[in-house]
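Undergrad: Protein chains in written order, with full-length UniProt numbering: chain A, 1 to 347; chain B, 1 to 347; chain C, 1 to 347.
All residues carry an ideal CB built from backbone N, CA and C; glycine is no exception.
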Amino acid sequence: MSAFVRNQWYVAAYGTEVGRGLLARTILGEPIVFYRTTAGDVVALADRCVHRRFPLSESRLDGDRVVCGYHGFTYDPSGTCVSVPGQTRVPRTARVPSYPVAEQDSFVWVWIGDPARADNSLIPRAPWLADPAYTTVRGREPLAARYELLVDNLMDLSHETYLHGGYIGTPEVADTPITTEVDEERRVIYVSRHMADAACPPFYAKSTGIEGRITRWQDIEYHPPCLYLLHSRIAPAGVLPGADGTDPHGFHVEVVYAITPETEHSTHDFWAVARDFALGDQEVSDFLAENNRTVVLQDVEALDVLERVIQHEPDGYRELSVNIDTGGLAARRILEKMAEPDRAAAR
Amino acid sequence: MSAFVRNQWYVAAYGTEVGRGLLARTILGEPIVFYRTTAGDVVALADRCVHRRFPLSESRLDGDRVVCGYHGFTYDPSGTCVSVPGQTRVPRTARVPSYPVAEQDSFVWVWIGDPARADNSLIPRAPWLADPAYTTVRGREPLAARYELLVDNLMDLSHETYLHGGYIGTPEVADTPITTEVDEERRVIYVSRHMADAACPPFYAKSTGIEGRITRWQDIEYHPPCLYLLHSRIAPAGVLPGADGTDPHGFHVEVVYAITPETEHSTHDFWAVARDFALGDQEVSDFLAENNRTVVLQDVEALDVLERVIQHEPDGYRELSVNIDTGGLAARRILEKMAEPDRAAAR
Amino acid sequence: MSAFVRNQWYVAAYGTEVGRGLLARTILGEPIVFYRTTAGDVVALADRCVHRRFPLSESRLDGDRVVCGYHGFTYDPSGTCVSVPGQTRVPRTARVPSYPVAEQDSFVWVWIGDPARADNSLIPRAPWLADPAYTTVRGREPLAARYELLVDNLMDLSHETYLHGGYIGTPEVADTPITTEVDEERRVIYVSRHMADAACPPFYAKSTGIEGRITRWQDIEYHPPCLYLLHSRIAPAGVLPGADGTDPHGFHVEVVYAITPETEHSTHDFWAVARDFALGDQEVSDFLAENNRTVVLQDVEALDVLERVIQHEPDGYRELSVNIDTGGLAARRILEKMAEPDRAAAR
Numbered sequence: 001m002s003a004f005v006r007n008q009w010y011v012a013a014y015g016t017e018v019g020r021g022l023l024a025r026t027i028l029g030e031p032i033v034f035y036r037t038t039a040g041d042v043v044a045l046a047d048r049c050v051h052r053r054f055p056l057s058e059s060r061l062d063g064d065r066v067v068c069g070y071h072g073f074t075y076d077p078s079g080t081c082v083s084v085p086g087q088t089r090v091p092r093t094a095r096v097p098s099y100p101v102a103e104q105d106s107f108v109w110v111w112i113g114d115p116a117r118a119d120n121s122l123i124p125r126a127p128w129l130a131d132p133a134y135t136t137v138r139g140r141e142p143l144a145a146r147y148e149l150l151v152d153n154l155m156d157l158s159h160e161t162y163l164h165g166g167y168i169g170t171p172e173v174a175d176t177p178i179t180t181e182v183d184e185e186r187r188v189i190y191v192s193r194h195m196a197d198a199a200c201p202p203f204y205a206k207s208t209g210i211e212g213r214i215t216r217w218q219d220i221e222y223h224p225p226c227l228y229l230l231h232s233r234i235a236p237a238g239v240l241p242g243a244d245g246t247d248p249h250g251f252h253v254e255v256v257y258a259i260t261p262e263t264e265h266s267t268h269d270f271w272a273v274a275r276d277f278a279l280g281d282q283e284v285s286d287f288l289a290e291n292n293r294t295v296v297l298q299d300v301e302a303l304d305v306l307e308r309v310i311q312h313e314p315d316g317y318r319e320l321s322v323n324i325d326t327g328g329l330a331a332r333r334i335l336e337k338m339a340e341p342d343r344a345a346a347r
Numbered sequence: 001m002s003a004f005v006r007n008q009w010y011v012a013a014y015g016t017e018v019g020r021g022l023l024a025r026t027i028l029g030e031p032i033v034f035y036r037t038t039a040g041d042v043v044a045l046a047d048r049c050v051h052r053r054f055p056l057s058e059s060r061l062d063g064d065r066v067v068c069g070y071h072g073f074t075y076d077p078s079g080t081c082v083s084v085p086g087q088t089r090v091p092r093t094a095r096v097p098s099y100p101v102a103e104q105d106s107f108v109w110v111w112i113g114d115p116a117r118a119d120n121s122l123i124p125r126a127p128w129l130a131d132p133a134y135t136t137v138r139g140r141e142p143l144a145a146r147y148e149l150l151v152d153n154l155m156d157l158s159h160e161t162y163l164h165g166g167y168i169g170t171p172e173v174a175d176t177p178i179t180t181e182v183d184e185e186r187r188v189i190y191v192s193r194h195m196a197d198a199a200c201p202p203f204y205a206k207s208t209g210i211e212g213r214i215t216r217w218q219d220i221e222y223h224p225p226c227l228y229l230l231h232s233r234i235a236p237a238g239v240l241p242g243a244d245g246t247d248p249h250g251f252h253v254e255v256v257y258a259i260t261p262e263t264e265h266s267t268h269d270f271w272a273v274a275r276d277f278a279l280g281d282q283e284v285s286d287f288l289a290e291n292n293r294t295v296v297l298q299d300v301e302a303l304d305v306l307e308r309v310i311q312h313e314p315d316g317y318r319e320l321s322v323n324i325d326t327g328g329l330a331a332r333r334i335l336e337k338m339a340e341p342d343r344a345a346a347r
Numbered sequence: 001m002s003a004f005v006r007n008q009w010y011v012a013a014y015g016t017e018v019g020r021g022l023l024a025r026t027i028l029g030e031p032i033v034f035y036r037t038t039a040g041d042v043v044a045l046a047d048r049c050v051h052r053r054f055p056l057s058e059s060r061l062d063g064d065r066v067v068c069g070y071h072g073f074t075y076d077p078s079g080t081c082v083s084v085p086g087q088t089r090v091p092r093t094a095r096v097p098s099y100p101v102a103e104q105d106s107f108v109w110v111w112i113g114d115p116a117r118a119d120n121s122l123i124p125r126a127p128w129l130a131d132p133a134y135t136t137v138r139g140r141e142p143l144a145a146r147y148e149l150l151v152d153n154l155m156d157l158s159h160e161t162y163l164h165g166g167y168i169g170t171p172e173v174a175d176t177p178i179t180t181e182v183d184e185e186r187r188v189i190y191v192s193r194h195m196a197d198a199a200c201p202p203f204y205a206k207s208t209g210i211e212g213r214i215t216r217w218q219d220i221e222y223h224p225p226c227l228y229l230l231h232s233r234i235a236p237a238g239v240l241p242g243a244d245g246t247d248p249h250g251f252h253v254e255v256v257y258a259i260t261p262e263t264e265h266s267t268h269d270f271w272a273v274a275r276d277f278a279l280g281d282q283e284v285s286d287f288l289a290e291n292n293r294t295v296v297l298q299d300v301e302a303l304d305v306l307e308r309v310i311q312h313e314p315d316g317y318r319e320l321s322v323n324i325d326t327g328g329l330a331a332r333r334i335l336e337k338m339a340e341p342d343r344a345a346a347r
């Protein structure tokens, strides 16, 4: 499997998770502390005091500054140390690295890599999550598995039939062939499965009110390494969008996964589900939140098992890939390529 | 200590443990899934789907077939994949290894090694366990220690005096010398301790009804690596079998241990105790089941401690062997020899 | 960081911890069993039976002898094996190492290294702990961190302001410069901080009855590797000892830490606090015992965190030292030097 891909934006948190406390989160193996200044800006600093490596996240804020909880070394939002105990002079080299951050589409994004290369325009979009025309439910689950297993999992939804039967899986998912397309230049992978006449999983029957069979489209759009989008369209069987692109009788669900490696063997699994129907209906929201979380946890449980299995496999263990794996294999290839410069640097 | 001995039969389970569910068990480091077909035959397959290594034991049966719980790859009892999702063609190479199995003497035996060399006639016998002339109590305890420590433990019963005092140990066990015999050709080790006049441990006093001192014989017969038999004879002191071999006043207990390595540092400890007296007496069975389990758990606790100790010892740590270790040292020597071909192959 | 320093006395236990049971304790990675003979002498033996490495501490005493709980090998207080099961002859080489021990100042000291070099006159003193002119509270906390982190912690008390605020820390501790002196020949490090006019921490206000500001002296005396003394003097602000050295209006607290490495990554943290006021006052003792334990546990919690951090740092990670670290750096340098002969031996 591939290594970490650096010099990328990753989702570190939901914006609502970061406030006037100190939030410790490890991203690509780097321990980072997040907080907001009194002005509301997000700060991300390396979570280790320069003095004796004590985690700043075990400390406290004094205004916009972090005061180390061990000996009181104090840092401003740029990471510069502005006070040390027992003396007035602060050593010139006393500073902790700060990380470029950006808030977009309800997420706090952090740049992992060379700060000089951070460019906000490179952040991939998930606009539905902050769009009043959609209602969103969401969560974050700790996954004790390498991020590549989550990518594998999401790139092929035929597993819905087996792992998520009774929730979002029906026999048609596994039975319907997929089409896969790779935009090498923009580095986006598209996997589509259009079921013209499928059973409606209870999950959607209850939330949309559709009775009987459905037309169900699943259009995946993966922006490696960090953002996965699933454009999902549900409609009564045979009902298609109009020739003008409007789709008044379709129900649209935008499923967003932010896939953020925590360590080599664990991952932050951010999931959000935005819908354009039953807007603001709390009962539907509660139902979808609970059911989506259950589905995510079914994946988490399976991938945690798989991670433990793989860690005990000998190097070069074999897999057998079939048609459904086309998207996942394309993802692995691109991730491998994106990781290469960092691997070269590590040699 | 020696390594795993492959190309051998091992006890994988009691026959009653294997049914229409999926039983995961690791034997000599190999993850295996066991189940019964609708016809009642035991099937043993490698517990890893060929596709992405998901454990088949986390899946479900569909008739006699196992359906992988992740993506639905389906296997027949021979391990051949008969169905994959999203396509009709099944790749020719899609199969998981199947293991030779046999049911004998109440156990499910599995052959670990080259399947072509599996020969049911090589399975060592413990006929009492399935003989209506005996009543058996039994159990299986997980042991967090290498199997060699259990072999060591069982080959010298003088530890009964110290570790199992108040149960099966009395001073005479440690005080009485042993005789040891090794049948190099058949690879069987015999260790005998005949106490002509010994205290009767409460354990036997209660179950046999003997009052006063006893003649107590312990005849060990170890078939490396997997089967250990202790032929135990109890009688009122001075009462011997007749010249014709009949023994109407003796009480006979056949203690059987199946010693199955799970990993390099853990073992399946199957124990069974068959008696030819108080047949079918549930009160005696309950008493013996509870007491034998207590004794087994005393060993397990001590060996778990010893395993942790040994893992922290430097290589080549020293032991000091005395007379009581003759049987155990013979066992180590034979196990070492039996493991050799596999070690050579591993180089 | 430095390695273990051998050929030294270490505190193994409080004298009251060692009695007629078997006490297992690992010192500098060596498993040792402690007990008292019927005459009251402390015995320290290697905690591994020569036979099969079973821990003697899992055994029992028979008079002054230890009987191994597995096979009954029996040792006298010198470590000589005097009985083995199943035979009358005891192998000549059957003995476990015994450790030189001494009782002094309420502690049981054990010599780790070459027994021939053990010299009781080398044991550093903490006489207050066994002096009727003082009342002592004390404890022992398991620390999941290398001992060097505890040395670092204790050599600079400016952390009291941040880690122990509300207990023994006030702003003056961190603000007041220290003086450091190193006696290279006797290998003692002195660090002093004299605060002429400081807030009185609740901790001392309550136990001394002083109202208002105080003069507070902290005089550290570290005898590497094993004993740390903090001579603490509290008095109403401006009250100094008399010219003749008497100090009737001062309150004296002798804080003693015995720092005993357990393994490379864990430490026995013995702490004792002796006072020359409120002698025998149980209420004051209870208050000081609870508060001192809280302070010790604040350190333990922080150092446990730091140990986990450091274990994940790459080799040669950077620290930034300032004035307050002068004592700690001197301690590291001396420990490094004291560990050298053992390192050379290990090569």
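#1: What is the DSSP secondary structure of B/R52, counted as helix, strand or coil?
#2: How far does the beta strand (DSSP E) with A/T88 in it extend, from its first residue to its last?
#3: Would you mind stating whether C/G328 and C/D152 have Cβ atoms separated by less than 7 Å?
#4: First and last residue of the alpha helix (DSSP H) that includes A/T294?
#5: Out of C/E264, C/T176, C/T246, C/A302, which has the shortest C-alpha to C-alpha gap to A/V84?
#6: Quick check on B/Q87 - is its C-beta less than 7 Å from some C-beta in chain A?
#7: Counting along the chain, where does the alpha helix (DSSP H) carrying B/P171 start and finish?
#8: What whole-angstrom Cβ distance do B/H71 and A/S321 have, given they're in contact under 8 Å?
#9: Would you kindly check if the distance between the Cβ of C/L56 and the Cβ of C/P225 is under 7 Å?
#10: Starting from A/H71 and walking both ways along the alpha helix (DSSP H), at which residues does that stretch end?
#11: CA-CA distance, C/S266 and A/I168?
#12: Report the neighbours of residue 350 of chain C on chain A: residues whose CB is nearer than 8 Å to its CB, in chain order.
#13: Tell me which residues share the same chain as B/T179 and place their Cβ nearer than 7 Å to its Cβ, disregarding the 5 neighbours each side in the sequence.
#14: Under a CB-based cut-off of 7 Å, is A/Y70 close to chain C?
#15: Check whether the Cβ atoms of A/A243 and A/V11 sit closer than 7 Å, and answer yes or no.
#16: Helix, strand or coil for C/V182 per DSSP?
#17: For A/A235 and A/A196, I'd like the C-alpha separation in whole angstroms.
#18: Any beta-carbon of chain B closer than 7 Å to the one on C/M1?
#19: Report buried or exposed for B/E211, applying the criterion of at least 16 other Cβ atoms within 10 angstroms of its Cβ.
#20: Suppose the cutoff is 6 Å on Cβ atoms and the five residues either side in sequence are ignored; what does the same chain contact list for B/D219 look like?
#21: Shorter than 7 Å from the beta carbon of C/H268 to some beta carbon of chain A?
#22: Can you check which of these residues, C/V42, C/D41, C/D299, is closest to C/L149 by C-alpha distance?
#23: Output the distance between the C-alpha atoms of B/A44 and B/D62, rounded to the nearest integer angstrom.
#24: Report whether the distance from the Cβ of B/E141 to the nearest heavy atom of the ligand COA is below 6 Å.
#25: First and last residue of the alpha helix (DSSP H) that includes C/P202?
#26: May I have the straight-line CA-CA distance separating B/F4 from C/F270, to the nearest angstrom?
#27: Which bits of chain A does B/T93 rub up against, with CB to CB less than 9 Å?
#28: How many whole angstroms separate the CB atoms of A/L306 and B/R92, which I take to be in contact at a CB cut-off of 8 Å?
#29: Rounding to the nearest angstrom, what Cα-Cα distance links B/E141 and B/T260 in this structure?
#30: Return the chain-ordered list of same chain residues with a C-beta closer than 6 Å to the C-beta of B/A46, the five sequence neighbours on each side being excluded.
#31: Establish whether the CB of B/V84 and some CB of chain A are separated by less than 7 Å.
#32: What is the residue span of the beta strand (DSSP E) that C/E322 lies within?
#33: Residues in the same chain with beta-carbon distance under 8 Å from A/E103, minus the five sequence neighbours each way, listed in chain order, please.
TA: Let me lay it out:
#1: coil
#2: Where A/T88 is concerned, there is no enclosing beta strand (DSSP E), given that its DSSP letter is neither H nor E.
#3: yes
#4: 282-312
#5: C/T176
#6: yes
#7: 171-175
#8: That pair is no contact at about 11 Å.
#9: no
#10: Taken as a continuous stretch (DSSP letters only), A/H71 belongs to no alpha helix (DSSP H), as it is neither H nor E.
#11: 50 Å
#12: Residue numbering for chain C in the displayed model covers 1 to 347; residue 350 of chain C lies beyond these limits and cannot be assessed.
#13: S192
#14: yes
#15: no
#16: strand
#17: 10 Å
#18: With a pLDDT of only 49 at C/M1, under the threshold of 50, the placement of this residue in the model should not be trusted; the figure read from the coordinates follows. No - not a single Cβ of chain B is within 7 Å of the one on C/M1.
#19: exposed
#20: S192, H231
#21: no
#22: C/D299
#23: 16 Å
#24: The ligand COA is not part of this structure, which contains no ligands at all.
#25: 202-208
#26: 45 Å
#27: L320
#28: Going by Cβ atoms, the distance from A/L306 to B/R92 rounds to 25 Å, so no, they are not a contact pair.
#29: 11 Å
#30: V96, P97
#31: yes
#32: Correcting the residue identity first, residue 322 of chain C is Val in this sequence and not Glu. Segment: none, C/V322 is in no beta strand (DSSP E) and carries neither H nor E.
#33: G15, V42, W109
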